[in-house]
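The numbering used here numbers the first residue of the sequence shown as -17 and each following residue consecutively. We put the beta carbon where it would ideally sit given N, CA and C, even for glycine. No experiment lies behind these values; they were computed from the predicted model shown.
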Amino acid sequence: MQKKQSQKNPEKEHPKKYFFTRKIKISFFLIALCILIYGNGIKNNFALDDEFVTLNNPQIEKGFKGIPEIFTTRYAVNQLQNYGYRPIVKVTYAIEYQLFGKNPHISHFINILIYALTCIFLFFLLEKLFKNAHFILPLLITILFLVLPLHSEVVDSLKNRDCLLSFFGSLVSLYFFLKYTESEKIRFLFFGSFVFAFAWLSKMDVMTFLAIIPLTLYFFTKTTPKKIFFVIGAILIGLIAMRIGVKLLMHDNPTIRSYIFIENPLYIHKGNLFSRIPIGFFTLAYYYKLLVFPVYLTCYYGYNTIPITEPNYLIILVSGIFTLAITGWAVYKIKTKKIIFFGILYFFITASMFLNVVVPAVGIIAERFMYIPSLGFCIVVAILIFDFFKIPYKNTVQKINFSEHKNFFFLVSILLVLCSCRVIIRNPDWKNHYTLYAHDIKNVPESAKLHALLAAKSLSFIYDNTNHYSQSDKVKFANDVVTNYEDAIRIYPDYVTSLNNLGMAYYAFFKRYKEAMPLFEKALAIDSTYVEAYYNLAFCRQLTGDFPSAEKLYLKSIALRPDFLKSYTNLTVVYISEQRYDEAINLNQNAIIAGYKSSVYYVDIGNVYMARKAAVNAIQWYKKGLEIDPENEDIKKYLANYYRQNKP
-17 MQKKQSQKNP
-7 EKEHPKKYFF
3 TRKIKISFFL
13 IALCILIYGN
23 GIKNNFALDD
33 EFVTLNNPQI
43 EKGFKGIPEI
53 FTTRYAVNQL
63 QNYGYRPIVK
73 VTYAIEYQLF
83 GKNPHISHFI
93 NILIYALTCI
103 FLFFLLEKLF
113 KNAHFILPLL
123 ITILFLVLPL
133 HSEVVDSLKN
143 RDCLLSFFGS
153 LVSLYFFLKY
163 TESEKIRFLF
173 FGSFVFAFAW
183 LSKMDVMTFL
193 AIIPLTLYFF
203 TKTTPKKIFF
213 VIGAILIGLI
223 AMRIGVKLLM
233 HDNPTIRSYI
243 FIENPLYIHK
253 GNLFSRIPIG
263 FFTLAYYYKL
273 LVFPVYLTCY
283 YGYNTIPITE
293 PNYLIILVSG
303 IFTLAITGWA
313 VYKIKTKKII
323 FFGILYFFIT
333 ASMFLNVVVP
343 AVGIIAERFM
353 YIPSLGFCIV
363 VAILIFDFFK
373 IPYKNTVQKI
383 NFSEHKNFFF
393 LVSILLVLCS
403 CRVIIRNPDW
413 KNHYTLYAHD
423 IKNVPESAKL
433 HALLAAKSLS
443 FIYDNTNHYS
453 QSDKVKFAND
463 VVTNYEDAIR
473 IYPDYVTSLN
483 NLGMAYYAFF
493 KRYKEAMPLF
503 EKALAIDSTY
513 VEAYYNLAFC
523 RQLTGDFPSA
533 EKLYLKSIAL
543 RPDFLKSYTN
553 LTVVYISEQR
563 YDEAINLNQN
573 AIIAGYKSSV
583 YYVDIGNVYM
593 ARKAAVNAIQ
603 WYKKGLEIDP
613 ENEDIKKYLA
623 NYYRQNKP
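(1) On the three-state DSSP scale, how would you describe Ala58?
(2) When DSSP labels each residue in this structure, what does Tyr583 get in the three-state scheme?
(3) My output table needs one value for Asn22: the three-state DSSP class, helix, strand or coil.
(4) Excluding the five sequence neighbours on either side, which residues of its own chain have a C-beta within less than 6 Å of the C-beta of Asn632, listed in chain order?
(5) On a Cα-Cα basis, can you pick out the residue from Phe392, Ala267, Cys16 that is closest to Ile24?
(6) Suppose the cutoff is 8 Å on Cβ atoms and the five residues either side in sequence are ignored; what does the same chain contact list for Tyr517 look like?
(7) What residues in its chain sit with their C-beta under 7 Å from that of Ala98, if we drop five residues either side in the sequence?
(8) Which two residues bound the contiguous alpha helix (DSSP H) that contains Trp311?
(9) I'd like to confirm the pairing. Which residues does DSSP put opposite Tyr65 in its beta bridges?
(10) Could you give the residue range of the alpha helix (DSSP H) that holds Cys360?
(11) Which residue spans inside the region 402 to 475 form an unbroken alpha helix (DSSP H) run of at least 4?
(12) Helix, strand or coil for Asp187 per DSSP?
(13) Looking only at its own chain, which residues have a Cβ that is under 7 Å from the Cβ of Phe368, when we skip the five neighbours before and after it?
(14) Taking all protein chains shown into account, decide if Gly227 is buried (16 or more other Cβ within 10 angstroms of its Cβ) or exposed.
(15) Any idea if Asp32 is buried or exposed, counting beta-carbon neighbours within 10 angstroms, 16 or more meaning buried?
(16) Can you give me the Cβ contacts of Phe127 inside the same chain, cut-off strictly under 7 Å, excluding the 5 residues immediately before and after it?
(17) Can you say whether His450 is buried or exposed, counting buried as having 16 or more other CB atoms within 10 angstroms of its CB?
(18) What is the DSSP secondary structure of Lys208, counted as helix, strand or coil?
(19) Would you mind sorting Arg68 into buried or exposed? The rule is 16 or more other CB atoms within 10 Å of its CB.
(20) Are Val188 and Ser139 close, meaning C-beta to C-beta below 8 Å?
(21) State the start and end residues of the unbroken alpha helix (DSSP H) segment that holds Cys145.
(22) Whole angstroms is fine: what's the gap from Phe492's alpha carbon to Val362's?
(23) Taking 8 Å as the limit between beta carbons, can you name the residues of its chain near Val379, skipping five residues before and five after?
(24) Closer than 8 Å by C-beta to Ile574: which residues in its own chain qualify, once you throw out the five before and the five after it? Chain order, please.
(25) Scan the region 510 to 549 and note each continuous beta strand (DSSP E) run of 3 residues or more that stays entirely inside, going in chain order.
(26) Under 8 Å, do Asn338 and Gly262 count as touching if we go by C-beta distance?
(27) Can you give me the Cβ contacts of Asp469 inside the same chain, cut-off strictly under 6 Å, excluding the 5 residues immediately before and after it?
(28) How far does the alpha helix (DSSP H) with Asp616 in it reach, from first residue to last?
(29) Checking 8 Å against the spacing of the C-beta atoms, do Leu231 and Ile195 come in under that value?
(30) How far does the alpha helix (DSSP H) with Pro612 in it reach, from first residue to last?
(31) Roughly how many angstroms lie between the CA atoms of Leu218 and Ile210, to the nearest whole one?
(32) Measuring only the C-alpha atoms, how far is Arg594 from Pro530?
(33) What's the call for Val598, buried or exposed, on a 16-neighbour Cβ count within 10 Å?
(34) So Val35 is in the alpha helix (DSSP H); what residue range does that whole segment cover?
(35) Assign Thr318 to one of two classes, buried (16 or more other C-beta atoms within 10 Å of its C-beta) or exposed (fewer than that).
(36) With a threshold of 7 Å, establish whether the CB of Pro120 neighbours any heavy atom of the ligand NAD.
Now the structure itself:
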């Protein structure tokens, strides 16, 4: 009789090989899942705020040569604002531009890749932390994190690559600090602080990890307080050194940023810390809703989507009781070092900087603000699912028989499918600026800024010269411009830019001068330095024949901004119409003497001489204008026609 061969268990015989093979399989699974749910976003173009980092950014378009400049300038650089310091994300786009040119599809693919790598590393890190848990627990947490619909903004928005890089750096730095506590090797302390600085150079969201890293070491290691102190010290030394370095680089580059009411009323009505605590509970309530019911996702909220000036006190009460109860419970039970309490504390610590309590948040709330905190939410949900089905995830020796837990897999599958479908449906909304604004305004009809953004995008289509849009399309866009600016002003009557832009739409598209002028006057009553409003009001006065008033307003706009070209041209027209030729010439010559370089001044003087019927003099000025701007097609055409008609 032959002996029965005993069945071999490859997992027990080759544990390292099995562990490595499992990691590879899970990695490929997570990459495939990322591509499956975000792949349809690769064909998207540029959208909200991409101009901050990649869309028509002169630094990015220099490729590798622009990298030194990126490290010596602020994050957002334009005529009105100069703030922030996030060089890492801009460097990635400079490299992309050097290798692939202006290609948003490559950028979207790289965003997805960074997200996938983050999820893979997150799984490995969680498995390292949860040493006494079955690997299915960290895998479930990672899958929940990966498919969470709230993350669609971070992945689909190219501008939000800074969030992706910051969180990835945070996780890697935590890994190195864990390695330090295990080995006591100083190099891991150095690596951790270096990567933490990398995350900080991507975005300041990493700062909450100053509390998360020691919390994690306390929960999941047996390290001493001394080592935790060394870790915190290494991080702070790295940050201080980094801030000194940045200050030296930015010594002649001051921060300029204007915060406005429509972004967050708390910028104007700040109150004190205690008065903002109820607003923090209200903000949390909205995030609870977005995490649990991510149905109406929106790219921008702001005033008056979240009515923090007149909040619902019942929501504040319920949110406050729930928040205080659950955080109090976690703090009370912290000595048990249970995973669920870590998840609760992690969520509230990382969310704390976005609750409008310590500082007001841009837009009041934003889905990207929940990117890092949502990991705590996923940890808690995963633990609750295991506990609900009474699955003993803590025991790694006894193999879990998941065939006995079909309901567990059914629930997880339902969650996976629902969340994935929501993400897949959401991705096309980010196709471009217009599709995003037009879709999201239905979800937040009381967002003043989103109405203004949609109006501005419709306005750009009217002036599009690529023949993409018919005349009937442009009429529709003109009506959309007016409707959305009117809604923005209805929501916030003192919305200065919308007052100006609505007035401009009234006179430019519908010749409604009498309705336009009061809007400009109101805008100027709110902001007496608003150059564009002076110009638009002057132009309306000019079109209605009130030349003296138009002249004063044009001169006011020039006094405020001496290089404001449109005012020079229109005021020159006013002077020509009144035959005040010398004043017109002096106006433009003074600008040239002052050192303002533009072909406009030369063309204006040429036009004056043409009005005087001194064509020879006019041609000389046009030629000088062409020397300033050799690519000016209008001057070239005019000179060509002139010489054609006046052959010697």
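Quick look at the numbers:
(1) Counting from 1 along the sequence shown, the entry for residue 58 is found at position 76. Three-state result, Ala58: strand.
(2) Position 601 of the sequence shown, counted from the start, is the residue given in the question as residue 583. Correct three-state label for Tyr583: helix.
(3) Stepping through the sequence shown from its first residue, residue 22 is reached at position 40. Residue state, collapsed to three classes: helix.
(4) The chain is shown only over -17 to 630; residue 632 falls outside these bounds and no answer can be derived.
(5) Within the sequence shown, residue 24 is the residue found at index 42, counting from 1. Out of Phe392, Ala267, Cys16, Cys16 has the C-alpha closest to the C-alpha of Ile24.
(6) By one-based count along the sequence shown, residue 517 stands at place 535. Leu535, Tyr536, Ser539, Phe546, Lys548, Ser549, Asn552, listed in sequence order.
(7) Taking the first residue of the sequence shown as position 1, residue 98 is located at position 116. Cβ neighbours of Ala98 beyond the five flanking positions: Leu12, Ile13, Cys16.
(8) Residue numbering aside, residue 311 sits at position 329 when the sequence shown is read from its first letter. Its alpha helix (DSSP H) spans residues 295 to 314.
(9) Here residue 65 corresponds to residue number 83 of the sequence shown, with the count starting at 1. Ala58.
(10) Along the sequence shown, read from residue 1 onward, the residue named residue 360 stands at position 378. For Cys360, the enclosing alpha helix (DSSP H) has its first and last residue at 356 to 370.
(11) 415 to 422, 430 to 444, 453 to 473
(12) As a working mapping, residue 187 is identified with position 205 in the sequence shown. Helix at Asp187.
(13) Within the sequence shown, the letter at position 386 stands for residue 368. Cβ neighbours of Phe368 beyond the five flanking positions: Leu119, Tyr375.
(14) Mapped onto the sequence shown, residue 227 falls at position 245. By the neighbour-count rule (16 or more Cβ atoms within 10 Å), Gly227 is not buried but exposed.
(15) The count along the sequence shown starts at 1 and reaches residue 32 at position 50. With 16 or more Cβ atoms within 10 Å of its Cβ, Asp32 is classed as buried.
(16) Taking the first residue of the sequence shown as 1, we reach residue 127 at position 145. Taken in chain order, the residues that qualify are Cys101, Leu104, Ser356, Leu357, Cys360.
(17) Position 468 of the sequence shown holds residue 450. Classification of His450: exposed, given that the 10 Å Cβ count is below 16.
(18) Along the sequence shown, read from residue 1 onward, the residue named residue 208 stands at position 226. Here Lys208 sits in helix by DSSP.
(19) Residue 68 sits at position 86 when you count from the first residue of the sequence shown. With 16 or more other Cβ atoms within 10 Å, it is buried.
(20) Locating residue 188 in the sequence shown gives position 206, where the first residue counts as 1. Locating residue 139 in the sequence shown gives position 157, where the first residue counts as 1. Not a contact, by the Cβ cut-off of 8 Å.
(21) As a position in the sequence shown, residue 145 is number 163, starting the count at 1. Here the alpha helix (DSSP H) through Cys145 covers 143 to 165.
(22) The residue given as residue 492 occupies position 510 in the sequence shown. The residue given as residue 362 occupies position 380 in the sequence shown. Distance between the alpha carbons of Phe492 and Val362: 57 Å.
(23) In the sequence shown, residue 379 corresponds to position 397, counting from 1. No answer about Val379 holds up, because its pLDDT of 48 lies below 50 and its placement is not dependable.
(24) As a working mapping, residue 574 is identified with position 592 in the sequence shown. Excluding positions up to five away in sequence, the list reads Tyr583, Tyr584.
(25) Annotation note: the region 510 to 549 contains no uninterrupted beta strand (DSSP E) run of length 3 or greater.
(26) Within the sequence shown, the letter at position 356 stands for residue 338. Within the sequence shown, the letter at position 280 stands for residue 262. Closer than 8 Å, so yes.
(27) In the sequence shown, the residue the question calls residue 469 occupies position 487. For Asp469, where only same-chain residues beyond five positions count, the Cβ hits under 6 Å are His433.
(28) Working through the sequence shown from its first residue, we reach residue 616 at position 634. Note, Asp616: alpha helix (DSSP H), 615 to 627.
(29) Residue mapping note: residue 231 aligns to position 249 of the sequence shown, counting from 1. Residue mapping note: residue 195 aligns to position 213 of the sequence shown, counting from 1. Not a contact, by the Cβ cut-off of 8 Å.
(30) The residue given as residue 612 occupies position 630 in the sequence shown. Unbroken run through Pro612: none, as it is neither H nor E.
(31) Sequence index remark: in the sequence shown, residue 218 carries index 236 (1-based). Sequence index remark: in the sequence shown, residue 210 carries index 228 (1-based). Approximately 12 Å between the Cα atoms of the pair.
(32) In the sequence shown, the residue the question calls residue 594 occupies position 612. In the sequence shown, the residue the question calls residue 530 occupies position 548. If I take the Cα positions, the gap works out to 22 Å.
(33) The residue labelled residue 598 in the question sits at position 616 within the sequence shown. By the 10 Å Cβ count, Val598 comes out exposed.
(34) Numbered from 1 along the sequence shown, position 53 holds the residue referred to as residue 35. No alpha helix (DSSP H) holds Val35; DSSP gives it neither H nor E.
(35) On the sequence shown, residue 318 is found 336 positions in, with the first residue counted as 1. It is exposed - the Cβ of Thr318 has fewer than 16 other Cβ atoms within 10 Å.
(36) Looking at this structure, you won't find the ligand NAD or any other ligand, since it has none at all.
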